[in-house]
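Enquirer: One structure, pasted below without further comment.
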Amino acid sequence: MNIKPIIEFRDFSFQYFTQSEPTLRGITLQIFPGEKVLIAGPSGSGKSTLGHCINGLIPFYYKGESRGTLTVNGVETKQQNIFRLSKVVGTVLQDTDCQFVGLTAGEDIAFSMENDRVALPEMKERVLKAAQMLDMDRWLTLSPFELSGGQKQRTALAGVMVDDVDVLLFDEPLANLDPATGKQAIEIIHDICRDRTKTVIIIEHRLEDVLHREVDRVILIDDGQIAADMDAHSLVASDVLKTHGIREPLYVTALKYAGVRVTPASRAGYMQTLRLSAAEKQQVVDWHNAVQPPPPPPEKPPVLRVEHVDFSYDAGKQVLSDVSFVIREGEMLSLVGRNGAGKSTIAKLMCGFERPDRGRILCGGEDIAKKSIKEIAEQIGYVMQNPNQMISQTLIRDEVALGLKLRGTDKDETEDRVQNALSICGLRPFRKWPVASLSYGQKKRVTIAAILALDPKIIILDEPTAGQDYRHYSEIMDFLRAINERGITVLMITHDMHLMQEYTPRVIALSDGQVIADRSAAAILTDADVIGQANLKETSLYALAQLAGIPDGTAFVQRFIDEERRRGL
Amino acid sequence: MRNALFAAQKLDTPIHRLSGLTKLCCFMLLTGAVMFSYDIRVILCVMAFSFAMLRLSRITYQSIRLMVLYVGIFLLINAVLTFLFSPLYGTEIYGTKTVWFTLLGSYAVTSETLFFILTKMFKYASVIPLGMIFLMTTDPSELAASLCSIGTPYKAAYALSLTLRYFPDVQREYRNISQAQQARGLEMSKKAKLRDRFVRGLSIILPLILSTMDRIDSITNAMDLRGFGKHKKRTWYVKRPLCRGDVLALSLSAAILLGTIAVSVFVNHSRFYNPFV
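Taken in sequence, the protein lines are chains E and W. Read in this note's numbering, the first sequence has 558 at position 558, and its numbers run on one by one without any break. Offset between the second sequence (1-based) and this note's numbering: plus 1000.
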């Protein structure tokens, strides 16, 4: 082969001026025109930095010291500039809200042409063409407030495709999308690759979700180095995923539990290519039948009742209609549904931020209608998605003590409760540290500790694992489970299917302001109707059950969940 | 949710169809006319015109109620202060002194000063509807495009447009943070002492600033990666080519300005109209 690589790293290292250690070390990597490559790796592995090097944010925006060479289109990036690079490499950022600088979809797509001084008639024509390519020409006049997450992402994509770039770089394209929209995004990206005129690089840690469609290679980055560079089949058959903190596809895990040896010949990189021999299928069936499901635990008394609640922000559009459910003491459950289904609104009603138009909410048997936000917070704690939205004090101890201080709790008791909350959250050694010195996950713990100090019965968490890699996800969730085991009821608003499956036995699904399902996670994740209405997607375990010829897919998923529990994962 | 103050309403009226640049120029021409002249007859004509335009743009009273209230308060304070600081200013201008009655000492209420104050109030009252029309019927991007066309550096114009663009997001974020802080026990009511309220205000502002800084960083990246600031000039997707309506509106506004000047020069021989001699 005599094709020149479009991107070539040769013994490339990079260190940010603000860091004491290099983030990338000795990277040697070639990417060829027309290839579709997945760059995977845990948070902090350097995979985003690698992306920044390709699109020119390094060295033109983030400063640091680099060694070795990196060429894009045959020219050293250092000798180009960010504008020239942006004509070759188009980047779709993970936060499409921030990428959306225009006031309408059309204007946003035109942004790079505006900066290039393209004349108006040509600009309109090219915008329309790019929009048609992505089947979004009907939304050109809509504003970001009117577009869904998936539509915003298409806009961002059209905005880079309008320049006819050679390389498309997707920086964590799935981070802000619900499972169904994420699946569509992967399909759209795949369609773009089909004619092999574009090189596509996807940076993402959710391996299984990206492998919904084929990729040519997966490059695994960890600790600033390339840990693996192979095709998907060999990758999932090896054990590098586990050692580098990337979650392997669920069906692969299930196969391993069943004792099936996964080899490159199993073609297990993608669910749709997986081949199992009759003997292997039997192994899966035997594993499924080996254990009877444990009996359901006895029902505890209710701690919170939502009864026939209606709500609308302004007269006209009903946000919630006739919502009822009961949460029992010590439960850990998920609230799911697509954006705008009313999940956050329910949480706001429970905390008293908004009040129902009709119906009532009872906590511990008492109607919360007459209580102030502050009083409700002593029973129902609310943890926002981003810890930076909650932290207002400089020292950890002060942050955790804030709620008690504002309630005029006496000094000794405050001290006791703060110490207790800090030790539950594993933050006791840090209590005199400034909050700013903590990592994201630790900050999250601080915000949870601050809520726990008030000793609530229930805590509600909004997207507790959003944007976290497997290791941080497990850390946060195991911590929440530990809190739950102390008797605190935990309700989570989430899109994360792994979270539902692994941590919450019960799931409430909302759609258009109504409860459409209130069942076990296994039942929800295998119910096509609910999956469709709540923008989830079918779990690959269900597909595996079908492949192995197990008729009751739901029971198979439940079997898997029980097995994970048993193994203490 | 949209921001109430600058919500560019999507309506299709002759005013909405004008390009942003035209609206800005007309606004400036008419403002020039009203600022130049102290002839109450001319001012009343312009005022009638601007209210007609407000009507034509189908802006509802609902959407500008708050602004009208602020403007009303401003006008009132302005009138009172003008009187307090120079109760005889009218006499200085018009040369006569018709005293109605005397308040304390030298505070005489004269027809001349009242007439002057009235003229001044009408001046503001005729310009403000035009400003509202401009703000309410021009979306932020078009505003930036028009500012840029009259010579504002495009980076400054774009910064303004981005601020308006992200304002609703920041507003929503503020509300969320404030609710979460209230849940922790933050009393935002007037019962708290001023110093406490200041400190508590900080505990909302601090997280807001931090999360806004994160956002700004990402937006800057997104803009850099798409070539913002590459050239000295840029083009604007939302810019509308000038059409017949624009020419008409511009000529009309220019005519009103020239008419005002003509009245001052040929009829009044001064910027003031003097009914007292």
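Where is the CB? At the ideal position from N, CA and C, for every residue including glycine.
Quick check on K1047 (chain W): does DSSP put it in helix, strand or coil?
Expert: The sequence shown places Met at residue 1047 (chain W), rather than the Lys named in the question. The answer is helix: DSSP assigns M1047 (chain W) an H, G or I state.
Enquirer: Restricting to Cα atoms, I'd like to know which of E:Y313, E:P293 and E:L547 is closest to Q272 (chain E).
Expert: Comparing Cα positions, the closest option is E:L547.
Enquirer: Given A228 (chain E), which residues of its chain have a CB within under 6 Å of its CB, disregarding the five upstream and five downstream residues?
Expert: L220 and V240, listed in sequence order.
Enquirer: Buried or exposed, going by whether 16 or more other CB atoms sit within 10 Å of the CB of L1104 (chain W)?
Expert: Exposed, since its Cβ has fewer than 16 Cβ neighbours within 10 Å.
Enquirer: Put G1020 (chain W) into one of helix, strand or coil per three-state DSSP.
Expert: Three-state result, G1020 (chain W): helix.
Enquirer: Are the CB atoms of L406 (chain E) and L1186 (chain W) within a distance shorter than 8 Å?
Expert: A contact, by the Cβ cut-off of 8 Å.
Enquirer: So, helix, strand or coil for M136 (chain E), using DSSP?
Expert: Here M136 (chain E) sits in coil by DSSP.
Enquirer: With a 10 Å radius around its C-beta and 16 neighbouring C-beta atoms as the bar for buried, classify D527 (chain E) as buried or exposed.
Expert: That one is buried.
Enquirer: If I'm right that K1023 (chain W) touches F1122 (chain W) with Cβ under 8 Å, what's the distance once you round it to whole angstroms?
Expert: No, K1023 (chain W) and F1122 (chain W) are not in contact; Cβ-Cβ is about 22 Å, not under 8 Å.
Enquirer: What's the call for P456 (chain E), buried or exposed, on a 16-neighbour Cβ count within 10 Å?
Expert: P456 (chain E) comes out buried.
Enquirer: Report yes if the CB atom of F14 (chain E) is closer than 8 Å to the CB atom of T23 (chain E), and no otherwise.
Expert: In contact: F14 (chain E) and T23 (chain E) (Cβ atoms closer than 8 Å).
Enquirer: Would M390 (chain E) count as contacting chain W if we go by Cβ distances under 8 Å?
Expert: It does: the Cβ of M390 (chain E) has a partner Cβ on chain W nearer than 8 Å.
Enquirer: Suppose you measure from the CA of S1161 (chain W) to the CA of L169 (chain E); what does that come to, to the nearest Å?
Expert: Distance between the alpha carbons of S1161 (chain W) and L169 (chain E): 28 Å.
Enquirer: Who are the near neighbours of L1005 (chain W) in its chain, counting only those whose CB is closer than 6 Å to its CB and skipping five residues on each side?
Expert: Legend: pLDDT at L1005 (chain W) = 40, less than 50; position of this residue unreliable, no value from coordinates given.
Enquirer: Buried or exposed, going by whether 16 or more other CB atoms sit within 10 Å of the CB of H953 (chain W)?
Expert: Lying before the first or after the last residue shown, residue 953 (chain W) is absent from chain W, which here runs from 1001 to 1277.
Enquirer: Give a yes or no on whether the C-beta atoms belonging to P294 (chain E) and D552 (chain E) are separated by under 8 Å.
Expert: In this structure, D552 (chain E) does not lie closer than 8 Å to P294 (chain E) by Cβ.
Enquirer: What in chain E is Cβ-close to L1210 (chain W), meaning under 9 Å?
Expert: Those are N388, Q389 and I391, listed as they occur along chain E.
Enquirer: Closest to T49 (chain E) by CA distance: which of E:V323, E:D314 and E:I203 is it?
Expert: Among E:V323, E:D314 and E:I203, the Cα nearest to that of T49 (chain E) is on E:I203.
Enquirer: Hey, how far is the Cα of A1144 (chain W) from the Cα of M1053 (chain W)?
Expert: Answer to the nearest angstrom: the Cα atoms are 23 Å apart.
Enquirer: Please check if any C-beta of chain E sits within less than 8 Å of the C-beta of K1023 (chain W).
Expert: K1023 (chain W) does not count as touching chain E.
Enquirer: Using the Cα positions of A265 (chain E) and A232 (chain E), report the straight-line distance between them to the nearest angstrom.
Expert: So the alpha carbons of these two residues sit roughly 11 Å apart.
Enquirer: To the nearest angstrom, how far is it from the Cα of G1020 (chain W) to the Cα of V1071 (chain W)?
Expert: For G1020 (chain W) and V1071 (chain W), the distance between alpha carbons rounds to 24 Å.
Enquirer: Is C98 (chain E) buried or exposed, if buried means 16 or more other CB atoms sit within 10 Å of its CB?
Expert: So C98 (chain E) counts as buried.
Enquirer: Any beta carbon from chain W within less than 8 Å of V418 (chain E)'s own beta carbon?
Expert: For V418 (chain E), the answer is no, since every Cβ of chain W falls outside 8 Å of its Cβ.
Enquirer: Any residues in the region 365-382 of chain E with a beta carbon nearer than 7 Å to a beta carbon of chain W? Which ones, in chain order?
Expert: Answer set for the region 365-382 of chain E: I373, K374, A377 and Y382.
Enquirer: What does the Cβ neighbour count give for P173 (chain E), buried or exposed, with the cut at 16 atoms within 10 Å?
Expert: Buried, because 16 or more other Cβ atoms sit within 10 Å of the Cβ of P173 (chain E).
Enquirer: Assess, as a yes-or-no matter, whether the region 1220-1236 of chain W is touched by the region 65-84 of chain E under the definition of 3 or more beta carbon pairs within less than 8 Å.
Expert: At 8 Å Cβ cutoff, the stretches touch.
Enquirer: Quick one: Cα of Q558 (chain E) to Cα of G342 (chain E), how far?
Expert: Approximately 28 Å between the Cα atoms of the pair.
Enquirer: Which residues does DSSP list as the beta-bridge partners of A509 (chain E)?
Expert: In DSSP, A509 (chain E) forms a bridge with E:V336 and E:A517.
Enquirer: Report all residues from its chain with a CB closer than 6 Å to the CB of G64 (chain E); omit the five preceding and five following residues, and keep chain order.
Expert: Correct list, in chain order: F14, Q15, Y16 and F17.
Enquirer: Between R407 (chain E) and chain W, is any beta-carbon pair separated by less than 8 Å?
Expert: For R407 (chain E), the answer is yes, since a Cβ of chain W falls inside 8 Å of its Cβ.
Enquirer: With DSSP run on the structure shown, which of helix, strand or coil describes Y16 (chain E)?
Expert: If DSSP states are grouped into helix, strand and coil, Y16 (chain E) belongs with the strands.
Enquirer: Of all the CB atoms in chain E, is at least one closer than 8 Å to the CB of V1247 (chain W)?
Expert: No - not a single Cβ of chain E is within 8 Å of the one on V1247 (chain W).
Enquirer: How many angstroms separate the CA atom of M332 (chain E) from the CA atom of Q318 (chain E)?
Expert: Approximately 28 Å, taken between the alpha carbons.
Enquirer: Please state if the CB of F1083 (chain W) and the CB of I1117 (chain W) are separated by a distance shorter than 8 Å.
Expert: In this structure, F1083 (chain W) lies closer than 8 Å to I1117 (chain W) by Cβ.
Enquirer: On the DSSP letters alone, give me the boundaries of the alpha helix (DSSP H) that G532 (chain E) sits inside.
Expert: G532 (chain E) -> alpha helix (DSSP H) spans A528 to Q533.
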